[in-house]
Every structure is written in C-alpha cells, then in structure tokens.
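Per this note's numbering, residue -18 is the first one in the sequence shown, and the count goes up by one each step.
Cβ coordinates follow ideal geometry from the N, Cα and C atoms, glycine included.
Quick caveat, the model's predicted, so the values are computed rather than measured.
Notes follow the structure.
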Amino acid sequence: HIFLLGVFSFQWGGRTYIRSLPWYTPHTVIDGKLRPGPCDDNTAIYLISQYQYSIYALVLNQGLPFREPVYHNWLFLLAFLACTVLTGLFIFQPFPWLTHIMNLVSLRETSVQITFVLGIGLNLVVAILIELIVGRKKITRFLEDVRFFSRPRARYIQIAEQWGAVYSDFTSKNFYK
C-alpha cells in the first residue's frame, strides 16, 4: 500500500507541476465532453508512469521470492535499460510521429525536462528507501502493532488466548505429575 501512495504522489506532483507552467494547455472540451488529442496532462502522467514501471520493477526485484541480484537476469536488465533509454528520448528528443500517435506533447523547455528527470530520480530514491524499510519489516510490524491496539476487541482476544494457554497447561496431564 505504501508503494501505491508513492506512485500516486509522484504522478500527482508531476501533473501539478505541469499545470503550474505558463504554457500549460488543458484538455479540449467541446459541448461538455473531453475531446481526444494531445495534452500536457497526458504527457506528464505517461512519462512519469513509464519510469515508475521500470523503477518499481527494479526495486521490487530485490526482495522475496527473488534471491539473485538484478544483474544476473540479463533479459530483465536489457528490457529495463531499453525502456529507460526510450522514455528518456521521449523527454529530451521526442519523435514527432510517435508523440502524435500517442497524443503526447513535447516538454517545451530544458528546465522542465531536467525537473522531470530530477523528480524521477527522487522517485527512485524514495522507492529504494521504502523497499529497504518495508523489506526489513520495520514499518509492517509497526503498522500491525498500531492496527492491533486500535481495535478494542483485539485486546480481549489476546487475553483470551493467553488464558487459554494457561488453562490448557493447567488441565494437561503433565501438570499434575
């Protein structure tokens, strides 16, 4: 769940950033309906999500059930590098014929392109940190404890289980020997 929060946050942040730029053009609306066509929103979400697919595939490849480092899986590594390079080309040098087919627009300024790359780099760092923390079960254990004590019924179940263990020890045949 925490990874989904990261995905949403970075996509929302990228979209908000694009909308704050002076040259932002929203979706075209005709008679109350969205008209399909190139749009800055589509471009921002597409580019960020493409990198997120690669980032989370790379980061989550480290944990269970995978035991080998990522560089042992040559096909995965090759696909990861190809996707990263192609998406990088979309940011810095988009193909006009492909952006037209996909209803994307060019990121018009170098500063915007660099900001996108920095945001994607930050997304990678955050994803790695989340995996390191969650992978070691620190957050998971904490959340389980919070959830356990937040339900009043859970405390009674714990007491009943403890007394059940004591009761079963008391009534067992080994207790009287």
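Other residues of its chain near Asp22: CB distance less than 8 angstroms, five sequence neighbours each side excluded:
Closer than 8 angstroms at Cβ, skipping near neighbours: Arg(-4), Ile(-1), Arg0, Pro7, His8.
With DSSP as the reference, label Arg(-4) as helix, strand or coil.
Helix.
Is it the case that the Cβ atoms of Ile11 and Ala108 are separated by a distance below 8 angstroms?
8 angstroms or more divides the Cβ of Ile11 from the Cβ of Ala108.
What does the alpha-carbon distance come out to for the pair Val86 and Gly100?
When rounded, the distance between both Cα atoms is 19 angstroms.
Where Leu15 falls: helix, strand or coil (DSSP):
Looking at Leu15 - three-state DSSP - the assignment turns out to be strand.
Which class does Val10 belong to by DSSP, given the choice of helix, strand or coil?
DSSP, read as helix, strand or coil, puts Val10 in strand.
Ile114 vs Gly(-13) beta-carbon contact at 8 angstroms
No, they are not a contact pair.
Find out if the Cβ-Cβ distance for the pair Phe73, Leu28 is shorter than 8 angstroms.
In this structure, Leu28 does not lie closer than 8 angstroms to Phe73 by Cβ.
Determine the extent of the alpha helix (DSSP H) in which Cys64 is found, giving its start and end residues.
Per DSSP, the continuous alpha helix (DSSP H) segment holding Cys64 begins and ends at 55 to 73.
Does DSSP put Glu112 in a helix, in a strand, or in coil?
Three-state result, Glu112: helix.
Distance check for Asn84 and Phe(-9), CA to CA, integer angstroms please.
Pairing Phe(-9) with Asn84, the inter-Cα distance amounts to about 21 angstroms.
Residue burial classification, Val40 (beta-carbon count within 10 angstroms, cutoff 16):
With 16 or more other Cβ atoms within 10 Å, it is buried.
Beta carbon of Leu70: closer than 7 angstroms to some heavy atom of the ligand SAM?
The ligand SAM is not part of this structure, which contains no ligands at all.
For Val86, report the span of its alpha helix (DSSP H) as first-last.
Counting along the chain, Val86 falls outside any alpha helix (DSSP H), and DSSP gives it neither H nor E.
Are Tyr32 and Asn104 closer than 8 angstroms when you measure CB to CB?
Result yes, Cβ atoms of Tyr32 and Asn104 sit closer than 8 angstroms.
Taking just the CA atoms, how far does Phe71 sit from Pro19?
Cα to Cα, the separation comes out at about 14 angstroms.
When the Cα atoms are used, what is the spatial distance from Asn54 to Leu67?
Looking at the backbone, the Cα of Asn54 and that of Leu67 are separated by about 20 angstroms.
How many Å lie between Thr24 and Pro75 at the Cα?
For Thr24 and Pro75, the gap between their C-alpha atoms comes out near 11 angstroms.
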